[in-house]
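For this note's numbering, add 196 to where a residue sits in the sequence shown, where the first one is 1. Idealized CB from N, CA, C, for every residue including glycine. Small disclaimer: the values here were computed from a predicted structure and weren't measured. What follows is a single structure, written as structure tokens, with notes after it.
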Amino acid sequence: MLDFEREVHKCHKCKDDELLISVVRYFPVYSFGEIKPGMDFVVVGVNPSDQEYEGQDAPLNADPHNLVARSESQRGYFRKYLERGESLYPYFREISGFFDDQNRGFFGDAVKRKLGYDKSPWEKVGCFDLVKCPTRCSEGQWTWIGEKRRQTFIRNCEQYLRRQLEEYKPRNILAYGRDVGDWFEKYLKVECIEWEITKMKLNNNAVRLLFVTQRQGNKHSKPEVIWINRKILEMLNSE
Ligand SMILES: [Zn+2]
197 MLDFEREVHK
207 CHKCKDDELL
217 ISVVRYFPVY
227 SFGEIKPGMD
237 FVVVGVNPSD
247 QEYEGQDAPL
257 NADPHNLVAR
267 SESQRGYFRK
277 YLERGESLYP
287 YFREISGFFD
297 DQNRGFFGDA
307 VKRKLGYDKS
317 PWEKVGCFDL
327 VKCPTRCSEG
337 QWTWIGEKRR
347 QTFIRNCEQY
357 LRRQLEEYKP
367 RNILAYGRDV
377 GDWFEKYLKV
387 ECIEWEITKM
397 KLNNNAVRLL
407 FVTQRQGNKH
417 SKPEVIWINR
427 KILEMLNSE
């Protein structure tokens, strides 16, 4: 395990915050699946849900004393689903669909071939969040915890995203969710327009960013999914 990863796992910032303590019960998530330097594509989401840690078949290890097992469960997150032949949580299923050319039919499997994945886009696509801490309040997940607390979470956790971007230098980024789009706008002083590709410099590298807002119940319409898939191909081809 990387020292940096260990640092994220042990981070207590959000748990020490009185404003936040009631909505954060579990540990930060470094990444879902493996991330490697120079990946063609990464997805940056808003934050993990605590569902990942709950229930008998929860995909993430919730043992507070076993950091290595927890790291392993996060890195092997998608692998586990594939091995069990189960389908992903709707959230990840939705994003997987953006990289799955089946949705476009006619155009074949251009994104799949370009990324070089076999069964799942997550073999090649990295996934980490702006806020590393999973949240839930009595009303629900992230969107229900209120603007003030959301901003505090973002302030506490954003340093890790910045370092991950520096370290892994992804070539293309899918910014998923309004808060992530807003964060990139501020951080990089660029304008993120929904559905459009933004070119920018990130740590001296040319990077393309596609900003996609989330839909209620993780359900983009078919034309939207086709649009996103085409944009992803455009990004991959323009290198
Ligand atoms: Zn945090």
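Tell me the residue span of the alpha helix (DSSP H) that contains residue i.
{"i": "Gly377", "result": "374 to 384"}
{"i": "Arg404", "result": "No alpha helix (DSSP H) contains Arg404, which is instead part of the beta strand (DSSP E) from 401 to 408."}
{"i": "Cys353", "result": "343 to 364"}
{"i": "Phe274", "result": "273 to 280"}
{"i": "Ile422", "result": "418 to 433"}
{"i": "Ser292", "result": "286 to 294"}
{"i": "Arg221", "result": "No alpha helix (DSSP H) contains Arg221, which DSSP labels as neither H nor E."}
{"i": "Asp199", "result": "199 to 206"}
{"i": "Lys310", "result": "306 to 311"}
Considering only C-alpha positions, which residue in the set the options is nearest to residue i?
{"i": "Gly219", "options": "Val240, Glu201, Glu335, Phe200", "result": "Residue identity differs from the one stated: residue 219 is Val in this sequence, not Gly. If we check each option's Cα against that of Val219, Glu335 comes out closest."}
{"i": "Tyr273", "options": "Glu230, Val327, Asn399, Glu343", "result": "Glu230"}
{"i": "Arg411", "options": "Ile341, Pro286, Leu405", "result": "Pro286"}
{"i": "Ile424", "options": "Val403, Leu432, Trp391, Lys397", "result": "Trp391"}
{"i": "Lys415", "options": "Asn352, Ser292, His205", "result": "Ser292"}
{"i": "Cys210", "options": "Leu405, Thr348, Gly251", "result": "Thr348"}
{"i": "Leu160", "options": "Met235, Val239, Ser245", "result": "Outside the modelled stretch of the chain, which goes from 197 to 435, sits residue 160, for which no answer is possible."}
{"i": "Glu381", "options": "Val307, Pro366, Lys397", "result": "Lys397"}
{"i": "Pro317", "options": "Glu343, Arg289, Cys329, Glu214", "result": "Arg289"}
{"i": "Phe228", "options": "Arg358, Cys329, Gln337, Pro419", "result": "Cys329"}
Any idea what DSSP makes of residue i, helix, strand or coil?
{"i": "Ala258", "result": "coil"}
{"i": "Lys232", "result": "coil"}
{"i": "Ser245", "result": "strand"}
{"i": "Phe237", "result": "strand"}
{"i": "Leu370", "result": "strand"}
{"i": "Asp325", "result": "strand"}
What are the boundary residues of the beta strand (DSSP E) that includes residue i?
{"i": "Ile393", "result": "393 to 398"}
Run the CB neighbour count on residue i, radius 10 Å, all protein chains shown included, and call it buried at 16 or more, exposed below.
{"i": "Lys437", "result": "Look at the range of the chain in this structure, 197 to 435, and you will see that residue 437 is not part of it."}
{"i": "Gly373", "result": "buried"}
{"i": "Gln355", "result": "exposed"}
{"i": "Glu282", "result": "exposed"}
{"i": "Phe223", "result": "buried"}
{"i": "Asp305", "result": "exposed"}
{"i": "Leu326", "result": "buried"}
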